[in-house]
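Q:
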Amino acid sequence: MRPSATAFVAPLPLPPRPVHAAPHPSHPNRSPLPPPRRRTAVAHLRTPPRPSPDTPEPVPPRKLHTPHHNPPASNFFRVDPDRLQSDPEQNLRGFVKTRGSLIPGEQFVFWWVGDIYGFINEQPSKHLFSFEGYSIGRMIRVDGGWRMLTREVGIYKHPRTGRILHLWENPYTRLTNKCVHVWNDPVNQQFLLNGSRGPFRVPTTTFGDDIYWHAEVFLNYKSPLQRSDFPQNAASDIYQSAEMFQFFSKREHLLSDQPSADCNISWVRVGQWLPWMEMADRPGHLIYHCRGRKLSGAFSSLPHHVQRYVMHTKPEYSEAPTNFTSPNETSWTYMKKLLAQRGAPRADGRAAHPETVHISAAPSAEPKLTNSQKLPATMSREQLLAFDGREATQPMLLAVDGKIFDVSSAKRHYAAGETYHCLLGRDASWALVSGDLSDNALREHNVRALRERLDAQQIADLEHWAAFFANNYPHVSRLVE
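The letter at position 197 of the sequence shown is residue 190 when you use my numbering, and the numbering goes up by one with no holes.
#1: Could you give the residue range of the alpha helix (DSSP H) that holds Gln300?
#2: Considering only C-alpha positions, which residue in the set Glu82, Asp80, Leu85 and Phe103 is nearest to Ser293?
#3: Enumerate in chain order the residues of its own chain whose CB-to-CB distance from Glu82 is below 7 Å, with the five nearest sequence positions on each side excluded.
#4: Please look up how many angstroms separate the CB atoms of Gly382 and Met389, rounded, as I've assumed it's under 8 Å.
#5: Could you tell me the distance, in whole angstroms, from the CA atom of Asp429 to the CA atom of Tyr407?
#6: Whose C-beta lies closer than 8 Å to the C-beta of Asn68 among residues of the same chain, with five residues either side of it excluded?
#7: To the nearest angstrom, how far is the alpha carbon of Ala273 from that of Ile231?
#8: Given Arg244, which residues of its chain have a CB within under 7 Å of its CB, disregarding the five upstream and five downstream residues?
#9: Please give the ranges of any beta strand (DSSP E) in the segment 105 to 146, keeping only runs that are unbroken, at least 3 residues long and fully inside the region.
#10: By DSSP's criteria, Gln100 is part of a beta bridge. Which residues make up the other side?
#11: Given this structure, state the Cα-to-Cα distance separating Ile96 from Pro164, to the nearest angstrom.
#12: Note down the Cα distance separating Asp454 from Ser118, rounded to an integer number of angstroms.
#13: Tell me the rounded alpha-carbon separation between Asp108 and Ala385.
#14: In the DSSP assignment, find the unbroken beta strand (DSSP E) run with Ser242 in it and report its ends.
#15: Rounded to whole angstroms, what's the CA-CA distance from Trp423 to Lys150? Just pull it up for me.
#16: Please state whether DSSP places Lys329 in a helix, a strand or coil.
#17: What residues in its chain sit with their C-beta under 8 Å from that of Gln219, if we drop five residues either side in the sequence?
#18: By how many angstroms is the C-alpha of Leu368 removed from the C-alpha of Gln265?
#19: With C-beta atoms as the reference, is Gln100 less than 8 Å away from Met141?
#20: What does the alpha-carbon distance come out to for the pair Pro276 and Asn213?
#21: Classify Asn84 as buried or exposed, calling it buried when 16 or more other Cβ atoms lie within 10 Å of its own Cβ.
#22: Under 6 Å Cβ to Cβ from Ser242, same chain only, skipping five residues before and after it: list those, please.
#23: For Ser401, which residues from the same chain have a beta carbon less than 6 Å from its beta carbon, with the 5 sequence-adjacent residues on both sides left out?
#24: Can you tell me the Cα-Cα spacing of Pro217 and Arg436, whole angstroms?
#25: Indicate the three-state DSSP secondary structure (helix, strand or coil) for His278 in the structure shown.
#26: Quick check on DSSP: helix, strand or coil for Gly191?
#27: Helix or strand or just coil, what does DSSP make of Lys367?
#28: Please determine, among His174, Gln239 and His246, the residue with the shortest C-alpha to C-alpha distance to Arg86.
#29: Can you tell which of Gly98, Arg419 and Arg446 has its C-alpha closest to the C-alpha of Asn433?
#30: Does Thr91 come out as helix, strand or coil in the three-state DSSP assignment?
#31: In chain order, what residues of the same chain lie with their CB nearer than 6 Å to the CB of Trp139, ignoring the 5 residues before and after it?
#32: Compare the Cα-Cα distances from Ala313 to each of Ser123, Phe122, Gln116 and Tyr127 and report the closest residue.
#33: My output table needs one value for Glu312: the three-state DSSP class, helix, strand or coil.
#34: Given a cut-off of 8 Å on the beta-carbon distance, is the pair Gly147 and His174 in contact?
#35: According to DSSP, simplified to helix, strand and coil, what is Tyr413?
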């Protein structure tokens, strides 16, 4: 019998904690760079994918043994490909070797990249996001089998420029949503030789030197987000999705003396609107189409932009878990925690109805000062600090690249208790560029000195953020040192 689908396939990932969330969910950047080259799905499996801007740099082959392991017999890691379908033990060992490593505790990483589309019956589909992520894990021996301990990251990006999103303009509602990236921890699984559903068996197909492992997972259960409590975030009281996984390995790699087999992957998902999209019960669903491979160098083998974002946002995701915990985290359970932290649903049982920021199609050329507030034309950092949102009669102000903006209309993001309240009364330039909302990131930065130490990409990010705020909030003053 086939083991339970959830025994070997992890639900997909989601976002960072509010304190470290990268600033506004849908980054307004419109990069002048050309879009990344598209790759064909499930690239020809006899050779590694061709290099592309998204493809991790090659790393030297990993040595078989670490100082913590004595070299076993030369055939210790060999798996017989001809017995995968008939011998549960060979099937289990082959899947563990393909999905991770037969050395207990050794880290591995699966990286993927792809696209997410909105699909509504009788309407043209919409290319909503580029999507990139990874899972980092390790295999642990247990009585009768193995446990796989992983945590997962998924990053939503602009579909044309590939820039990481912080704010996202929803093409269906024409409203702006705060993007919640995928930060799932834990995502743990157990592979037992003889489990509750019988002997272990992941279906395989063999053709020549190719081994294809596959799993089809159809989920249908009570949603963690009930519509009575979260009407804007829940499509239904039932969570329903379909996920199709394929793992591609080679006979020669299973037969080798190496503990881990090379593996390419394909993943297709059909699911509900993401909770942070605030689509309520609108009809339609999302289609994910991704591909990727196992990396031999763990976190250091990931693309540099992914490493940089994770280390700035949630550095703990650079290492695999070491202990088994439950239950698993999903995008829906993570979102429920975020909403609870923000006070939705309310304590009196009412559902929250936050105000929404509208984003215009393009940034204005040169913002003009507004006369809506009796404010000085220039402010020092000390003067700016008086507008940190504590006084209800005062406007909410923040500075970006030397310009001061009134964000009082966006209490959804800046009110006390909300993620970006910490930016009020401060120069938010470095926090927005780095995605770091810590006190350290918000310490005083001389505008000119900050620009001098930014690289070209970071300067472009800063200018995009300044244009975004200029286009959506009144420019009321200038910051002077």
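For every residue, glycine included, the Cβ atom is placed at its ideal position computed from N, Cα and C. In this text the structure is predicted, and so the values were computed from the model without any measurement.
A: Concretely, from the data shown:
#1: Judged by DSSP secondary structure, Gln300 falls within the alpha helix (DSSP H) whose first and last residues are His297 to Thr306.
#2: Looking at the Cα atoms, Phe103 is the closest of the given residues.
#3: For Glu82, the CB contacts under 7 Å within the same chain, skipping 5 residues up- and downstream, are Leu186 in chain order.
#4: 5 Å
#5: 16 Å
#6: Asp250
#7: 13 Å
#8: These residues qualify, in order along the chain: Pro74, Asp202 and Ile204.
#9: Complete beta strand (DSSP E) runs here, min 3: 119 to 135.
#10: Arg131
#11: 47 Å
#12: Computed Cα separation, rounded: 30 Å.
#13: 43 Å
#14: Ser242 -> beta strand (DSSP E) spans Ile231 to Lys243.
#15: 20 Å
#16: helix
#17: Ala227 and Asp230
#18: 46 Å
#19: no
#20: Computed Cα separation, rounded: 17 Å.
#21: buried
#22: Excluding positions up to five away in sequence, the list reads Thr91, Ile204, Ala254 and Cys256.
#23: Pro388 and Met389
#24: 38 Å
#25: strand
#26: strand
#27: coil
#28: His246
#29: Distance check between Asn433 and each of Gly98, Arg419 and Arg446 places Arg419 closest, using alpha-carbon atoms only.
#30: helix
#31: Val89, Met132 and Phe184
#32: Ranking the options by Cα distance to Ala313, first place goes to Tyr127.
#33: coil
#34: yes
#35: Correct three-state label for Tyr413: helix.
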